[in-house]
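The listed protein sequences correspond, in order, to chains A and B.
Those letters in the first sequence? Residues 1 to 105, by this note's numbering.
Those letters in the second sequence? Residues 106 to 352, by this note's numbering.
Don't be surprised by glycine CBs; every beta carbon is placed ideally from N, CA and C.
All of these numbers come straight from a predicted model, not from anything done at the bench.
Quick notes on the structure that follows.
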Amino acid sequence: MTSDRQDGRTGQPGQSFRYAVNVMPKPGILDPQGRAVEQSLPHLGVEGVGFVRVGRRVELSVAAADEAGARATVDRLAAELLSNPLIETYAIELLGAVAPLEAIR
Amino acid sequence: MTRIGVVVFPGSNCDRDTLHALELAGAEAVPLWHEAADLGGVAAVILPGGFAYGDYLRAGVIARFSPVMRSVAAFARDGGLVLGICNGFQVLAEAGLVPGALLRNRGLRFLGRDVLITPERLDTAFTRSVPDRHPLRMPIAHGEGCYYADEATLTRLETEGRVLFRYAQPDGRPAWTGDDDANPNGSLRGIAGVLNEAGNVAGLMPHPERAAEAILGSDDGMLLIRSLVESAAERAAAGGPVVVAAG
Chain A
1 MTSDRQDGRT GQPGQSFRYA VNVMPKPGIL DPQGRAVEQS LPHLGVEGVG
51 FVRVGRRVEL SVAAADEAGA RATVDRLAAE LLSNPLIETY AIELLGAVAP
101 LEAIR
Chain B
106 MTRIGVVVFP GSNCDRDTLH ALELAGAEAV PLWHEAADLG GVAAVILPGG
156 FAYGDYLRAG VIARFSPVMR SVAAFARDGG LVLGICNGFQ VLAEAGLVPG
206 ALLRNRGLRF LGRDVLITPE RLDTAFTRSV PDRHPLRMPI AHGEGCYYAD
256 EATLTRLETE GRVLFRYAQP DGRPAWTGDD DANPNGSLRG IAGVLNEAGN
306 VAGLMPHPER AAEAILGSDD GMLLIRSLVE SAAERAAAGG PVVVAAG
């Protein structure tokens, strides 16, 4: 995958880990996208669905000696780049250990 | 002649207009390339409107990590004058150089139209040439312009006199959230522009450079461009950053 190849340029040896970072608007922040989805529900004839919130999911692979090291990198990326802490929260999800990035490249 | 820089990111599209407006106001306007860390000895910096780095992920966030922004952040910390217009405001907010964030417009649509804004302060580096608090007309052009900050920050901005502009009704009264005509993006407390704590960095959602000549339908924006040029000239004459304190 292209993204893996780019990540692989760091050239770190060892294992790599694949994560999903789920970014959501904070509670209380107006989410006009979620509201637009809600407003479309009657057109589908769907009832009993509410409180729709629209977020963003980013998947990435991280080369590191162990999972703790990889997670620290993802945590930093999630806090500084992938989310804006003023308006969004994030949750990190480990998808699994994958082939070393070197091997993918 | 006072030298003022306009940052050019990939995707900036108001840089030429901004350079032109600065020249009309008597400045030596120079483009500053996003990959260059050298600000070329400018006395002030404008981050122009556009879609820096395609506005991918969130508007302004990728631009925040560019080489030029590291220098702009250092320049701002030293008291240098920085004005972010539209996308430039989004970049400043993402970089934490001004408080708050710009959310998707309340109505979800991209808005390109004239608005009225009222200056809350006439004694700042960015508004010193504005004669009074009558509303100024200039265009907005954005998809993410809904100003957001938490309640404590909003109250602090107001008590410290750091709300620079509010969207306004034709009679000059502020346009609060819910007044979709005068405050079309739904900005909290009608905020269209803010100052940082030291008063040397400002973010503004409407485009003064697009209202800098009568032929454009309004030259109200020139009052802001001229304010910046005068403040920068003072700074250059003093041989260092001139910080106009907020509050």
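It is roughly 5 Å from the alpha-carbon of residue 253 of chain B to the alpha-carbon of residue 206 of chain B. Note on geometry: alpha-carbon atoms of residue 88 of chain A and residue 146 of chain B lie some 37 Å from one another.
Against chain B, the beta carbon of residue 32 of chain A has neighbours under 9 Å at 208, 209, 210, 211, 212, 213, 251 and 291, listed in chain order. Residue 163 of chain B belongs to the set of residues whose beta carbon lies under 8 Å from a beta carbon in chain A.
Contact between residue 243 of chain B and residue 316 of chain B holds: CB atoms are separated by about 4 Å, below the 8 Å threshold. Residue 82 of chain A places its beta carbon 8 Å or farther from that of residue 19 of chain A. For residue 36 of chain A, the C-beta contacts it makes with chain B under 9 Å involve 213, in order along the chain. Residue state for residue 312 of chain B is assigned as coil, using DSSP reduced to three classes. By the CB criterion at 8 Å, residue 289 of chain B and residue 187 of chain B fall outside the cutoff. Residue B/108 holds the alpha-carbon nearest to the alpha-carbon of residue 144 of chain B among B/108, B/115, B/275 and B/204. Taking the CA atoms as reference points, residue 176 of chain B sits about 35 Å from residue 28 of chain A. By the neighbour-count criterion, in which 16 or more other beta carbons inside 10 Å mark a residue as buried, residue 51 of chain A falls on the exposed side. DSSP links residue 243 of chain B through a beta bridge to B/220. Here residue 339 of chain B carries a helix assignment [DSSP, helix/strand/coil]. Among the bridge pairs identified by DSSP, residue 262 of chain B is matched with none.
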